[in-house]
Amino acid sequence: CFISLRTFTRQGTCLFRPQFGILCRHAVPMGTTANEEMNTFWAKNNKLNRPMSPHLTIYKWSMPMMMSITHRGTGVGLSGGISAFALLALVLPGNYPYYLDLIHSLSVGPALLSLAKFGIAFPVSYHTLNGIRHLFWDSGKGFKIPEVYRSGYVVIVLSILTSIAAIAYM
Amino acid sequence: MAAIVRISSVCHRGVKPLFYRSSLLSRTLVAQQKDQDCPYPLTARIHGSSSLYAGSVSKAASLHWTGERVVSVLLLAMGPAAYYFPGPAVDYSLAAALTLHGHWGIGQVLTDYVHGEPKIKMVNAGLFLLSTVTFAGLCYFNYNDVGICKAVALLWSK
Chain A
135 CFISLRTFTR QGTCLFRPQF GILCRHAVPM GTTANEEMNT FWAKNNKLNR
185 PMSPHLTIYK WSMPMMMSIT HRGTGVGLSG GISAFALLAL VLPGNYPYYL
235 DLIHSLSVGP ALLSLAKFGI AFPVSYHTLN GIRHLFWDSG KGFKIPEVYR
285 SGYVVIVLSI LTSIAAIAYM
Chain B
2 MAAIVRISSV CHRGVKPLFY RSSLLSRTLV AQQKDQDCPY PLTARIHGSS
52 SLYAGSVSKA ASLHWTGERV VSVLLLAMGP AAYYFPGPAV DYSLAAALTL
102 HGHWGIGQVL TDYVHGEPKI KMVNAGLFLL STVTFAGLCY FNYNDVGICK
152 AVALLWSK
């Protein structure tokens, strides 16, 4: 969203009175892409060895911020898990039921088993439900701040409930 | 449709001046303005005009964005599909959709945090390799082993 706004301003568009939704264009388009400008920015600041200003350590954390990074974290985690699974499938000699029985023979106990299931179910559930929330945003809906918080709480509650349901009933 | 409106007629004078312009273009603008619930289609229509571009702009980024959302929706549909119709068709579709969704997702993470041309090229090459191996591994699992749907079912049965 930040990048698209910059693209608008660089192309010489201007936004007046957001409630009217008018875009007008100046006659002079810019010569560089957003990508080029970003690379120039980083090259210059790295070359001058400039330290980065504190951001995550000083800004007050909000619920939408935490949900956003959790969405990213669960995504990366799930992706890593899938890749690890695929790699093991290629490398390990036995087949899946064999290794599953191997894990079960360790007899970890029901509490730890449920915990492990929750550890898989919750990231899937959260990432899926928050993903749907993202798709709503992509369609242009639900950007008002109270809506953002409300949909956020719904996602969190449903994620926990569906994860517990997956463990208890399946 | 190029909708070029004189800046002075829009700034700080509100909507009224536009009503008195004789050009048809501004009338269309005004009519659409009233629909304050969706400014989006209006801006999209104006932005679609390329009459003021010095050269053409590639649609690659835009198409990539749309592709990401399409794959996301398809992957969403595969959840119930896997539950109600487990089998090779869903297994291979899941392998493809999961790998592609993950590939593009990690790609966005790398774009956000990795800077500098050589580093960007390196990590993207690494990601491509990882995604290729992931897809190969999942297909191998589907072909030579129980398959993704059955694997999840077995995992959860204990």
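Protein chains in written order, with this note's numbering: chain A, 135 to 304; chain B, 2 to 159.
The C-beta atom is built at its ideal place from N, Cα and C for all residues, glycine as well.
Contact annotation: in the stretch 191–215 of chain A, residues whose CB is within less than 7 Å of a CB in chain B are R206, G209, V210 and S213.
By the C-beta criterion, the stretch 128–142 of chain B is judged to be in contact with the stretch 216–227 of chain A, since at least 3 inter-stretch pairs fall below 8 Å. Taking C-beta atoms under 8 Å as the contact rule, B/D92 and B/I149 qualify, at a distance of about 5 Å.
For the pair B/A96 and B/L75, the CB atoms are not nearer than the 7 Å cut-off.
Just measuring C-alpha positions, the residue of A/Y232, A/I298, A/K178 and A/P198 sitting nearest A/P280 is A/P198. Distances from the CA of A/S202 to each of A/N169, A/G214, A/T262 and A/K275 were compared; the closest alpha carbon is that of A/T262. The three-state secondary structure of A/Y193, taken from DSSP, is coil.
The distance from the Cβ of B/E118 to that of A/N173 is about 7 Å, consistent with a contact at the 8 Å cut-off. In this structure, the straight-line span from the alpha carbon of B/A61 to that of B/Q109 is close to 15 Å. Legend: CB atoms of the stretch 111–135 of chain B lying less than 7 Å from CB atoms of chain A belong to residues H116, G117, E118, L131, V134 and T135. What A/G265 touches in chain B, judged by beta-carbon distance under 9 Å, is S73, L76 and L77, going in chain order.
Per DSSP, B/D113 is one residue of the alpha helix (DSSP H) stretching across P89 to Y114. Around A/F277, the same chain offers W271 as residues with beta carbons nearer than 8 Å, after the five sequence neighbours per side are excluded. Inter-residue distance for A/T166 and A/I216 is about 39 Å (C-alpha atoms, whole angstroms). Distance from the CA of A/S259 to the CA of A/S293, rounded to the nearest whole angstrom, comes to 5 Å. Rounded to the nearest angstrom, the Cβ distance from B/A152 to B/P87 is 10 Å, too far for a contact under 8 Å. About 23 Å separates the CB atoms of A/N264 and A/H189; that is not less than 8 Å, and the two are not in contact.
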